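Chemist:
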Amino acid sequence: NVPPPEEYEEATVLMLDIVNYTVTCASRPPSEVAKWMCGVHQIVDDMLQKYHIRKLETRGDSCFCVSGTGYVPNDLSATQMSRMTQFATQANRLLGEEWNTQIRVGIATGRVTVAYIGTHQFAPLVCAYGGTCDLAAKLETQGCPGLIRLSPRAALRLCDERVGWSSSNILNSTCDMQNPDDVPAVWFDGVQDCFVQKQGPQRDLGASGG
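Numbering (UniProt numbering), first residue to last: 1 to 210.
Listed below in structure tokens is the structure:
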């Protein structure tokens with residue numbers, strides 16, 4: 001029997017993707033790519049466990065996860081955004097140090113539906129649906145290695161979770177809308193633990209502390 005869908009009014013979704021994955025795969029034998037991806041996803045899984053975040057899907061070089069659902073122990077709603085930014089920052093740092101790999105990250109907060117799809121495999125597939133998931137995916141594709149791209153609602157949620165922070169922290173940190181496909185977003189620097197005014201040059205979190 002497949003469990004019923006789970007409905008969440010306020011959850012945080014993160015989409016993670018490897019920078020230059022296709023180009024790198026084209027220049028390496030499949031066995032080397034497999035070793036690389038196993039190492040990458042081992043680090044990602046370790047960081048997901050450390051920050052009590054629920055992984056939903058892994059597709060090749062990408063990872064889709066959610067916090068604030070209470071599905072895993074210590075996944076508290078009150079810290080769902082703070083843990084997501086910490087996860088993204090530390091995962092990118094370790095991937096840079098151990099595998100010379102960077103990631104793009106998009107994070108959105110809002111309503112999420114998690115559904116189980118029955119298959120003939122040993123366990124049902126877990127999928128997430130809703131505008132929040134679509135937005136996180138768009139934010140990731142428009143992201144920049146070294147920075148985290150947040151939806152405005154996710155940025156406000158992060159401010160609510162931090163002592164002494166307010167919406168004024170976000171002022172002048174919104175992204176420029178350079179083409180019709182861009183979505184409203186805010187840049188966050190996980191190493192400096194602050195919102196940043198503009199994208200600027202790409203930075204490698206893996207070469208930074210934190």
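The beta carbon of each residue, even a glycine, is placed where N, CA and C say it ideally should be.
All values derive from a computational prediction rather than experimental measurement.
Cβ of V40 within 8 Å of Cβ of T85?
Modeler: No, they are not a contact pair.
Chemist: Identify whether T101 lies in helix, strand or coil by the three-state DSSP scheme.
Modeler: Of the three classes helix, strand and coil, the one that applies to T101 here is coil, per DSSP.
Chemist: Which residues does DSSP list as the beta-bridge partners of M15?
Modeler: Answer by DSSP bridge pairing, in chain order: F64 and G106.
Chemist: Use the C-beta contact count for T22: other C-beta atoms within 10 angstroms, 16 or more gives buried, fewer gives exposed.
Modeler: Exposed, by the Cβ-count rule.
Chemist: Name the DSSP bridge partner or partners of L150?
Modeler: DSSP output for L150 lists I107 and V186 as bridge partner(s).
Chemist: Take S151 and list the residues in its own chain whose beta-carbon comes closer than 6 Å to its own, dropping the five residues that flank it on each side.
Modeler: For S151, where only same-chain residues beyond five positions count, the Cβ hits under 6 Å are A108 and L135.
Chemist: For G106, which option in N20, P184 and P3 has the closest C-alpha, if you only look at C-alpha atoms?
Modeler: Here the closest residue by C-alpha is P184.
Chemist: Drop a sphere of 10 angstroms on the beta-carbon of A128, count the other beta-carbons inside from all chains shown, and report buried for 16 or more, exposed for fewer.
Modeler: With 16 or more other Cβ atoms within 10 Å, it is buried.
Chemist: In the DSSP assignment, what are the bridge partners of T132?
Modeler: None; T132 has no bridge partner.
Chemist: Considering only the alpha carbon of each residue, which of D75, E140, K35 and M81 lies closest to I18?
Modeler: Answer by Cα proximity: E140.
Chemist: Rounded C-beta distance between I148 and A88? I'm assuming under 8 Å.
Modeler: Confirmed, about 5 Å.
Chemist: Give the DSSP-derived three-state secondary structure of C144 in the structure shown.
Modeler: Looking at C144 - three-state DSSP - the assignment turns out to be coil, as it is neither helix nor strand.
Chemist: Compute the Euclidean distance between the alpha carbons of N92 and G118, then round it to the nearest angstrom.
Modeler: Distance between the alpha carbons of N92 and G118 is about 33 Å.
Chemist: How many Å lie between L95 and I43 at the Cα?
Modeler: Answer to the nearest angstrom: the Cα atoms are 7 Å apart.
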